[in-house]
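Let me begin by presenting the structure, written as structure tokens, before commenting on it.
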Amino acid sequence: MLEGAREEKGQWFLDATRENLPTILTQLKVKNARFLTLSGIEEDQLQVAYHFELGGKFLHIIVVVDHNKPEINSICKIFPAAELYERELSEMFGIKVKNHPNMLPLFLPDELKGTAPMRKRKQ
Amino acid sequence: MHDMIVPMGPYHPGLHEPEYFKLYLKGEEIENVEIYLGYNHRGVEKLVEGKNWYSALFNVERICGICSIVHSSAYLQAVETLQELDVPMRAQFIRTILLEVERLQSHLLWLGIASHQIGFETLFMHCWTAREKVLDVVEEIAGNRIHYSINTIGGVRRDITKNQADKVRTTLKSLKAEVDELAGVCLHDPFISQRLRGVGVLPEKDAQELGAVGPTARGSGLTLDARSSGFWAYSSLGFKPVCRKGGDCWSRMEVRLDELTQSIGMMEMLLDGMPGGQINLGRKFIKILPGHCLGRVEAPRGEVIHYVVSNGDVNPWRDRIRTPSYANFNCLKKMLIGEELADAASIITSIDPCMSCTDRALVVDEKGKKEIVDLGGVVHAHHH
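Quick mapping for you: the protein sequence lines, in order, are chains Z and R.
Under the numbering used here, the first sequence has 73 at position 73, and the numbering climbs by one with no breaks.
Under the numbering used here, the second sequence has 371 at position 248, and the numbering climbs by one with no breaks.
Written out as structure tokens, the structure reads:
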């Protein structure tokens, strides 16, 4: 398991930043980790969680994204499987994914483009 | 440079779910593909955020008709881990039996559709007749044919009585004979062999890089199967995934045929080895402990993942759903380019796409309320 990861209920979590994410991902690639998916989550902060399977255990890498300037770098160079998920993240959460090979909307119909529907609304 | 663009979908006799493929052709050969999804987009991820944990369970089960129990199972794996529940062994066995039943009916459905794609209508009809037997088994155990609605937080809602188990065993025996006959036809018919061998090849390296799962990955030589982790009753079965190296439509078909026989065998073992005891924990869980957790189960199409985030309240805060068809879509472009137009429908069917699963994502719908969102703009969300 990676350095700095903490265990909760049998699954591993690691906090990362936009800057050190490529290094962590390269380490995971070398260790033959399998990329599962990525999710956008909005709790107190806007986060992107990358989910991996490493040695039979689940590892979740959580990157906090700036609320005011939601941007993240694409991980498609290291894990090409992330392509469709990053497209979905970008249209559903309004997070800009830089250097994506094919950034197009994926699921949303034309009238909902740009609305970032998965963000929490204040009631 | 392409000669013409052929639109395939969203409504097309060659596809059994709505999806739009823009095929760039040079003569008969596919040069490039653009894939557009979202036609079955219903807003499940957003929808469950407003429901309580039990309503969310039923919503999540209805993401797809053919993989319904896998969604509720993966969701419950995550929720039960968060709440640190010990699900009774008998409930785990019943859930495993139903997961295997679902695999049976899904693979038989797929076999029918795949034969239909290449024009073998008789085989299509026979596969779906065999599938009716499986649906009878489901109705016997769960009371419903399609959405089993048998899972609850902490166990299952209905038990399998001795009578039911005996009826299921008898059905499985006759089903085994039918499956063997169908497999025999598929594997020895020269026509099917010609249409499927060497078509839609996905090399092992690409399957790994692009994140293929399920029979799509196992047909290309990867031994990926969520059941290998031994969750629930799988640890008592000595399970080994079925694998083929060819990477073409034929290999994927072989994997599914073998899995049919494997599932029947597993169900018989599970029915014989079922422990006694309770079927659930006997109480309702209104709030779930806070945390993040991932639940994973093997659907007929591959691994299904539910990443559930709870903040200790009565509603799920977030349920991220990654379905196997969603993962396999990445591989389609690689499989289609260089193939002929006539094989396109066959190749797409060979990954067993389930659009209801892929599109499940979300909708912005506050009932009766207009809403202003500001993220770089002011947009009025739709309401009905």
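Cβ atoms here follow ideal geometry from the backbone N, Cα and C, with glycine treated the same way.
_Determine, for R:Phe314, whether the minimum Cβ-Cβ distance to residues of chain Z falls below 7 Å._
Contact of R:Phe314 with chain Z is not assigned, every C-beta pair being separated by 7 Å or more.
*Classify R:Ile128 as buried or exposed, calling it buried when 16 or more other Cβ atoms lie within 10 Å of its own Cβ.*
By the neighbour-count rule (16 or more Cβ atoms within 10 Å), R:Ile128 is not buried but exposed.
_Against chain R, does Z:Ala33 count as a neighbour if the rule is that its beta carbon must be under 7 Å from one of theirs?_
No, its Cβ sits nowhere closer than 7 Å to a Cβ of chain R.
_If we require 4 or more residues per run, which alpha helix (DSSP H) segments fall completely within the stretch 441-482 of chain R?_
Runs of the alpha helix (DSSP H) lying entirely within the stretch 441-482 of chain R and spanning at least 4 residues, in chain order: 447-459, 467-473, 478-481.
*Alpha carbon of Z:Val30 to alpha carbon of Z:Leu36, nearest angstrom*: Between Z:Val30 and Z:Leu36, the C-alpha separation is close to 16 Å.
*R:Val291: buried (16+ other C-beta within 10 angstroms of its C-beta) or exposed?*
Within 10 angstroms of the beta-carbon of R:Val291 lie 16 or more other beta-carbons, which makes it buried.
*Measuring CA to CA, which of R:Arg341, R:Asn175, R:Val302 is closest to R:Asp436?*
Comparing Cα positions, the closest option is R:Asn175.
*Which ranges would you report for the alpha helix (DSSP H) in the stretch 322-400 of chain R if only whole runs of at least 4 residues count?*
If we require 4 residues or more, the alpha helix (DSSP H) runs fully inside the stretch 322-400 of chain R come out as 327-332, 337-341, 372-395.
*Relative to the alpha-carbon of R:His125, which residue among R:Tyr147, R:Tyr143, R:Met131 has its alpha-carbon at the smallest distance?*
Out of R:Tyr147, R:Tyr143, R:Met131, the CA that lies nearest to the CA of R:His125 is found in R:Tyr147.
_Interface positions of the stretch 183-211 of chain R facing chain Z (Cβ-Cβ less than 8 Å), listed along the chain_ = Against chain Z - using a Cβ distance shorter than 8 Å - the residues of the stretch 183-211 of chain R are Thr204, Leu205, Glu207.
_Range covered by the beta strand (DSSP E) that runs through Z:Gly114_ = In this chain, Z:Gly114 is not harboured by any beta strand (DSSP E), its DSSP state being neither H nor E.
*Which residues, taken in chain order from the stretch 376-410 of chain R, show a beta carbon closer than 7 Å to some beta carbon of chain Z?*
Cβ proximity to chain Z below 7 Å picks out nothing from the stretch 376-410 of chain R.
_Comparing C-alpha positions only, which one of R:Asn163, R:Tyr159, R:Val420, R:Ser359 sits nearest to R:Lys456?_
It is R:Tyr159.
*Indicate whether at least one CB of chain Z lies closer than 7 Å to the CB of R:His164.*
Closer than 7 Å to some Cβ of chain Z, the Cβ of R:His164 qualifies, so yes.
_Buried or exposed by the 16-neighbour rule on C-beta atoms within 10 Å, applied to Z:Phe93_ = So Z:Phe93 ends up on the buried side.
*Are at least three pairs of beta-carbons, each pair with one atom in the stretch 383-390 of chain R and one in the stretch 238-248 of chain R, less than 8 Å apart?*
With the cut-off at 8 Å, the stretch 383-390 of chain R and the stretch 238-248 of chain R do not touch.
_Status (buried if at least 16 other CB within 10 Å, exposed otherwise) for R:Met390_ = Classified as buried, R:Met390 has 16 or more neighbouring CB atoms from the shown chains inside 10 Å of its CB.
*Inside the stretch 125-195 of chain R only - alpha helix (DSSP H) runs reaching at least 4 residues*: Counting only runs of 4 or more, we get 167-170, 176-184.
*Candidates R:Gly188, R:Arg218, R:Pro136, R:Tyr449: which alpha carbon is nearest R:Ile276's?*
Here the closest residue by C-alpha is R:Arg218.
*For Z:Leu108, go through chain R and note every residue whose CB falls closer than 8 Å to its CB, in chain order.*
Those within 8 Å of Z:Leu108 in chain R are Gly161, His164.
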